[in-house]
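Numbering (the numbering used here), first residue to last: 19 to 411.
Below is one structure, written out as structure tokens, with a few remarks after it.
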């Protein structure tokens with residue numbers, strides 16, 4: 019079976035950036051870790067060589083940092099790089115928001131019951147202040163607007179939501195949720211880890227108060243990179259829980275210890291950044307911008323749609339947790355197995371056949387990205403069908 023996907027003919031010029039494609043590896047595990055494309059690796063190598071040779075000055079590094087902020091702002095629909103702080107991961111970004119707000123006993127935070135732990139533990143740190151976490155059931159892996167709103171009352175101050183769920187792949191309608199939160203005076207804070215780089219987001223249109231995201235999955239950037247978006251109206255309400263010297267408005271005025279904080283999200287970056295990682299993050303975002311977020315989204319949805327459809331066809335009786343509707347999914351497709359150990363065995367057998375994916379609980383999770391092809395999807399489906407036929411024998 020041959021299926022033509024959007025922009026399939028032109029994708030080869032980008033696949034050259036991914037050496038594993040030439041090695042016969044079908045990589046469908048971007049929800050776990052994205053392989054760094056050659057331009058990203060080369061950018062980091064150039065930076066390290068400059069450092070080795072004493073060529074990278076402070077001014078050049080500051081320019082790299084600012085360029086990364088600008089590229090990220092453009093990618094997520096922020097009107098200014100002033101709203102972007104560079105972070106080492108999603109957890110740190112969410113923790114900064116959690117600990118920089120003022121709370122009182124009895125305040126409530128609403129979360130989905132199947133959120134990834136990175137979007138739970140930062141909020142758990144507030145329980146010592148008497149803040150309550152209210153978990154919304156997700157029996158089918160989905161968290162539609164009506165379930166979120168059913169959890170609202172006068173004590174709810176914040177909704178912490180993944181743009182795309184890590185297990186089911188369910189994609190939230192952020193604009194609807196954001197509108198409803200705004201009407202109730204509730205902050206919407208988003209974990210963007212499984213969305214940014216795969217599907218388009220517009221934080222301002224969705225009225226998102228804050229969004230945190232790491233770089234090592236769909237952004238195809240190095241580990242230890244990421245960012246935090248803070249809406250301008252929230253920025254002044256946050257009192258940074260941890261202050262570093264680079265949070266100052268004029269950090270090079272060394273002895274002005276009582277000067278104001280930076281009027282941008284830079285106040286949350288604190289001290290020196292991982293410049294090599296920032297360089298890689300910037301190069302990764304620039305590559306995505308070059309290909310185009312709209313085209314990436316079309317390919318990701320087409321690939322995940324093809325994968326879901328074909329798996330449903332060839333796996334008799336299989337339950338696929340991921341929604342079929344394109345507007346309710348992104349790049350993740352999760353297939354249920356009877357138990358966790360069997361899911362791990364299936365993933366190991368797929369790896370022996372050069373198909374990379376993940377076991378998450380008792381699910382096999384596939385996650386193709388824009389540079390994957392229809393042929394790779396068909397190969398993975400055929401491998402899965404062969405393995406499925408042996409289960410229970």
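In this text, a Cβ means the ideal position worked out from N, Cα and C, and glycines have one as well.
None of these values were measured; they are calculated from a predicted model.
Fully enclosed by the region 230-300, which alpha helix (DSSP H) runs are 4 residues long or longer?
250-253
Reducing DSSP to helix, strand and coil, say where residue 38 ends up.
helix
How about residue 365 and residue 86: are their beta carbons less than 8 Å apart?
no
Can you grab the Cα-Cα spacing for the pair residue 397 / residue 385, in whole Å?
14 Å
Could you tell me the distance, in whole angstroms, from the CA atom of residue 109 to the CA atom of residue 246?
10 Å
Is residue 320 helix, strand or coil when you go by DSSP?
helix
DSSP has residue 205 in a bridge; who is on the other side?
176
In this structure, how does DSSP classify residue 130 when only helix, strand and coil are distinguished?
strand
CA-CA distance, residue 35 and residue 307?
15 Å
Nearest-angstrom Cα separation, counted from residue 183 out to residue 215
15 Å
Is the region 305-319 touching the region 248-260 in the sense that three or more CB pairs, one from each, lie closer than 8 Å?
no
Every unbroken alpha helix (DSSP H) within the region 318-397, with a cutoff of 4 residues, ordered by chain
358-370
From the DSSP secondary-structure annotation, give me the bridge partner or partners of residue 214.
217
How big is the Cα-Cα spacing for residue 316 and residue 363?
Looking at the two C-alpha atoms, the distance is approximately 32 Å.
Spatial distance of residue 151 from residue 176 (CA atoms):
10 Å
With 16 other CB atoms within 10 Å as the buried threshold, where does residue 48 fall?
buried
Straight-line CA distance for residue 19 to residue 324?
Here the model assigns residue 19 a pLDDT of 48, short of 50, so the residue's position is not dependable, and the following value carries that caveat. Inter-residue distance for residue 19 and residue 324 is about 11 Å (C-alpha atoms, whole angstroms).
Quick check on this structure: which residue in 302, 235, 261 and 188 has the alpha carbon closest to the alpha carbon of residue 211?
235
Which of helix, strand or coil DSSP assigns to residue 170
coil
For residue 147, does the three-state DSSP call read helix, strand or coil?
helix
Classify residue 225 as buried or exposed, calling it buried when 16 or more other Cβ atoms lie within 10 Å of its own Cβ.
It is buried - the Cβ of residue 225 has at least 16 other Cβ atoms within 10 Å.
Enumerate, from N- to C-terminal direction, the unbroken alpha helix (DSSP H) stretches of 4 or more residues contained entirely within the region 81-139.
Runs of the alpha helix (DSSP H) inside the region 81-139: 108-118.
Let me check understanding here. Comparing Cα to Cα, which of 162, 173, 188 and 217 lies closest to residue 196?
162
How would you write the range of the alpha helix (DSSP H) that residue 226 sits in, first residue to last?
Residue 226 -> no alpha helix (DSSP H), and no H or E assigned at all.
DSSP three-state call for residue 189: helix, strand or coil?
strand
Given a cut-off of 8 Å on the beta-carbon distance, is the pair residue 399 and residue 349 in contact?
no
Limits of the alpha helix (DSSP H) - the one that residue 30 falls within:
30-33
Kindly indicate which three-state DSSP category residue 25 falls into: helix, strand or coil?
Residue state, collapsed to three classes: coil.
Just to confirm the assignment, what range does the alpha helix (DSSP H) spanning residue 57 have?
Secondary structure note for residue 57: its alpha helix (DSSP H) is the uninterrupted segment 56-70.
Taking contact to mean at least 3 C-beta pairs separated by less than 8 Å, is the region 372-387 in contact with the region 349-358?
yes
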